[in-house]
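Written out below as structure tokens is the structure these notes cover.
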Amino acid sequence: MVAGVVKAPTIDLANKDLVDSHLHAEWLAASGLELESNIPQNLDMTAPGRPLSAKVQADTKAPGSTEAGTRAMVPVLTSLAETLSDAPWFTGTQAYAASLARSAAISFDRAFGRWRDLFAAAEKQRDDADRVLKDYSISEFERRAAQTRLAQALGQISLLLGGSANVGSDFFVYRFLATEGFLPGYNFPRLPLMAFIPGESEQRRDRYLQRARFLAIAEFGPGSLVYHEGRGYRVDKAMLGAGGGTDGRLITFATIICPACGAGHDEENRESCHLCGHPLAKAHVTRDLYRIDNVGTRPAERITANDEDRRRQGFDIQTTVHMPADASRVDVDLADAEGHPLASVTFAPAARIRRINKGLRRRRDEAEVGFLINPRTGRWLGKSAGEADDPAPADQPQRITPVVEDRKNALMIRFPAALRGEAGPDADALMVTLQHALARGIEAFFQLEEGEILGEPTPNRSNRNALLFYEAAEGGAGALGRLVQDVEPFRSVAYEALRAIHLTEASIAAAKTAGYEVLADAPDTKCVAGCYQCLLSYYNQPDQADIDRRLPSLRQFLLRLLTAEFVAARDVAAPAGADGVPPPDAEPIHLDGIDIALVWRRHRLVAIEAEGPAAALAGDLEDSGFDVVVLPADPAARAAACQELSRRLEGGS
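Under our numbering, the sequence shown has 333 at position 316, and the numbering climbs by one with no breaks.
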């Protein structure tokens with residue numbers, strides 16, 4: 018007999034990606050397009066770049082498809098009108114539906130980009146292996162290695178061409194479009210990182226494993242061991258696709274990480290942090306960043322004790338966030354009942370979060386960041402990659418730093434230096450414990466499942482100046498945004514955090530006036546510093562040695578937060594109706610057949626019309642490191658956006 022309660026899921030209905038995916042489904046149905054289950058049947062496999070087939074292009078670009086898509090989208094947006102009224106990206110029911118319908122065909126085409134990259138990588142591996150096998154001067158070892166690479170490439174191609182085109186296949190067309198974020202799909206991770214697992218028999222066939230990219234940056238890191246169906250596989254390569262520099266080197270980028278709060282900045286000449294204002298003159302620049310989307314593996318013949326030890330020590334992962342000052346960002350300051358500062362809080366929906374794999378945690382030289390890779394084959398090289406062998410001759414290694422990124426609802430909490438000073442030698446333990454106590458309080462107050470809200474110390478684990486929380490659940494839960502709308506949710510989170518560490522409700526109430534010394538554990542409490550009923554969990558295993566719920570500084574801070582007040586609410590949007598015209602020194606660019614006029618490369622800034630054809634390219638521009646300012650059609654909103662644009666170009670954030 019089974020009993021229980023099924024709790025309704027919490028979803029942020031104002032999440033732009035979530036809304037767009039549902040509207041895309043309405044557009045696809047309205048277009049009358051009947052997709053083939055096999056992805057290649059929807060593409061022109063004989064043309065360079067594998068564009069959409071003539072039939073699919075004709076259906077998606079038919080004269081009436083935009084109007085039909087708009088009509089289908091309007092009822093959905095109308096039902097969400099109240100929820101979307103405060104969303105800064107929403108330009109109105111009719112205007113937004115028309116804009117998305119116009120750009121839907123381009124977004125649909127680009128949704129197949131990962132499949133094209135995987136297919137190009139497999140073809141490249143096949144051709145490289147075939148070229149080596151035609152060289153009769155190679156050694157027997159090189160020949161066997163080339164034969165293995167050729168067999169794997171042919172297996173990948175067969176898998177991608179749709180050997181099992183059914184609903185359970187990763188490459189069933191509708192499932193694939195869901196994982197790429199074009200269509201809604203709550204059962205699949207959005208934009209996952211894929212690992213190719215080579216088959217060895219009829220029972221153990223070739224397949225791709227999918228992991229959420231923020232987890233996969235470590236789980237599928239260079240040289241990692243992946244266990245699948247009782248077999249071990251080593252991640253030995255990054256699948257690079259057909260892209261690359263003109264000199265055969267991979268195209269990388271750099272970011273400046275604020276030493277105070279950990280915010281990331283791609284602008285080369287940035288002088289101060291866009292989030293906390295800290296000078297960036299001596300900030301660390303992380304170079305040679307390369308986005309990883311897909312990896313390859315090979316069977317691990319022997320797994321030694323050294324392999325397992327290396328697996329346990331893990332990777333040095335650093336998380337950065339970009340929260341530009343725009344209409345959607347909100348800053349508030351918290352102070353206790355006596356007016357003493359508690360924290361500065363910043364919330365941004367769809368903030369850009371990156372996770373950077375800097376190398377092994379116990380690497381010999383911490384200043385040496387990244388991994389060596391063969392830029393032609395994508396194979397990881399050197400000891401840090403598990404001594405991956407690469408018989409490809411005459412390739413110059415290149416050092417790159419793997420990175421993944423996504424957009425999440427994010428909340429940054431920065432604390433005054435005095436907080437750590439008051440904690441003395443327990444400062445690090447305080448920040449570790451406070452991170453997980455607040456996370457547990459947020460989960461309890463908003464009734465979220467464990468793992469829906471994740472937290473990271475910033476700028477890094479050894480320098481915990483601030484805490485970054487983000488909504489990991491697909492579509493977001495909409496919880497973090499409520500913390501900056503009113504102070505009461507913050508107080509409730511503090512109360513739930515105090516309850517989570519086994520303190521009685523009566524003692525919490527008494528401690529408001531009598532002080533933290535009267536706080537008392539529940540009578541049946543067996544926990545010492547922490548347990549899996551309070552703060553310990555699967556997600557914080559690396560921190561568990563430092564978690565201590567007994568810290569006086571922790572209890573004092575949570576009690577002060579229990580009676581906190583907002584002392585300032587700093588909505589950073591430019592005032593509506595203000596005058597402002599973007600400076601004229603813009604450089605036009607041409608991207609995917611669309612002219613974009615307002616581009617400032619030096620500032621890494623782009624302005625696009627909300628209802629223009631360039632609106633569909635906003636995501637690609639952001640992925641390329643640009644901040645995108647949307648210019649609405651409404652005159653008042655447009656003037657505000659122009660003023661904000663001018664301020665940022667003149668040196669503001």
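Beta carbons are placed, not taken as given, at the ideal position from N, Cα and C, and that holds for glycine.
Roughly how far, in whole angstroms, is the beta-carbon of residue i from the beta-carbon of residue j, given that I think they are within contact range, below 8 Å?
i    : j    : result
N477 : G216 : That belief does not hold up - the Cβ atoms of N477 and G216 are roughly 40 Å apart, past 8 Å.
L389 : P414 : 5 Å
A338 : A368 : The sequence as given places Val at residue 338; Ala does not occur at that position. Between A368 and V338 the Cβ distance is about 5 Å, and since that is below 8 Å, they are a contact.
T196 : F125 : The Cβ separation is near 15 Å, so there is no contact.
L578 : R508 : 7 Å
L568 : Q561 : In fact, because the Cβ distance is near 15 Å, the residues do not count as touching under 8 Å.
V645 : E639 : 6 Å
P474 : Q452 : 6 Å
E582 : V504 : 6 Å
V501 : V347 : 5 Å
A627 : T108 : 5 Å
P276 : H295 : 7 Å
Taking just the CA atoms, how far does residue j sit from residue i?
i    : j    : result
V584 : E488 : 26 Å
A514 : Y113 : 41 Å
S17  : P68  : Residue 17 is absent from the structure shown; the chain starts at 18 and stops at 670.
G399 : R499 : 47 Å
W132 : P57  : 9 Å
G594 : D103 : At G594, the pLDDT of 32 sits below 50, so the modelled position is not reliable; the number obtained from the coordinates is stated separately. Those two C-alpha atoms are separated by around 17 Å.
R431 : S479 : 16 Å
L576 : R379 : 38 Å
R566 : R207 : 35 Å
D29  : D382 : 43 Å
E51  : V616 : 38 Å
A235 : L257 : 18 Å
N557 : Q164 : 43 Å
R393 : V312 : 14 Å
N286 : H301 : 13 Å
L167 : L634 : 36 Å
G356 : F237 : 48 Å
A71  : I611 : 21 Å
G86  : G66  : 27 Å
I334 : G198 : 25 Å
N426 : F364 : 8 Å
V531 : I525 : Going by the sequence as given, residue 531 is Ala instead of Val. Their backbone Cα atoms lie some 10 Å apart in a straight line.
V545 : E159 : 58 Å
Y225 : G395 : 17 Å
Bridge partners of residue i, per DSSP?
i    : result
P211 : Looking at the sequence provided, one finds Met at residue 211 rather than Pro. Beta-bridge pairing links M211 to Q227 and N311.
V93  : None; V93 has no bridge partner.
G472 : F486
S289 : P296
W44  : Answer is none; W44 lacks a bridge partner.
D644 : L622
R369 : H339 and R424
Just to confirm, are residue i and residue j a CB contact at a threshold of 8 Å?
i    : j    : result
V252 : T314 : yes
L447 : S570 : yes
I417 : T303 : no
T336 : I309 : no
A115 : A146 : no
Q173 : A122 : no
T95  : A31  : no
F136 : L97  : no
F486 : G472 : yes
T63  : A494 : no
A75  : W44  : no
L497 : L428 : yes
Y250 : I214 : yes
For residue i, which residues of its own chain have a beta-carbon under 7 Å away from its beta-carbon, when the five flanking residues on both sides are left out?
i    : result
K33  : W106 and A367
D445 : R481 and D563
A360 : L351, I430, R431 and F432
A511 : G458, L575, L578 and L579
G49  : D76
P442 : none
P601 : Summary for P601: the model assigns pLDDT 42, below 50, so the residue's position carries little reliability; its value from the coordinates is reported in the next sentence. So the list is empty, once near-sequence residues are dropped.
P410 : The pLDDT assigned to P410 is 48, lower than 50, so where the model puts this residue is not dependable; a value taken from the coordinates is nonetheless given after this. Nothing listed; no residue qualifies.
Report all residues from its chain with a CB closer than 8 Å to the CB of residue i; omit the five preceding and five following residues, and keep chain order.
i    : result
P201 : L35, S38, H39, A42 and A195
In chain order, what residues of the same chain have a beta carbon less than 6 Å from the beta carbon of residue i, not counting five sequence neighbours either side?
i    : result
L117 : L40
A233 : L210
R222 : G216
V73  : N59
F231 : R372
Compute the minimum distance between the beta carbon of residue i and the heavy atoms of the ligand FMN, and state whether it is under 7 Å.
i    : result
Q164 : As presented, the structure is devoid of all ligands, the ligand FMN included, so that no description of it is given.
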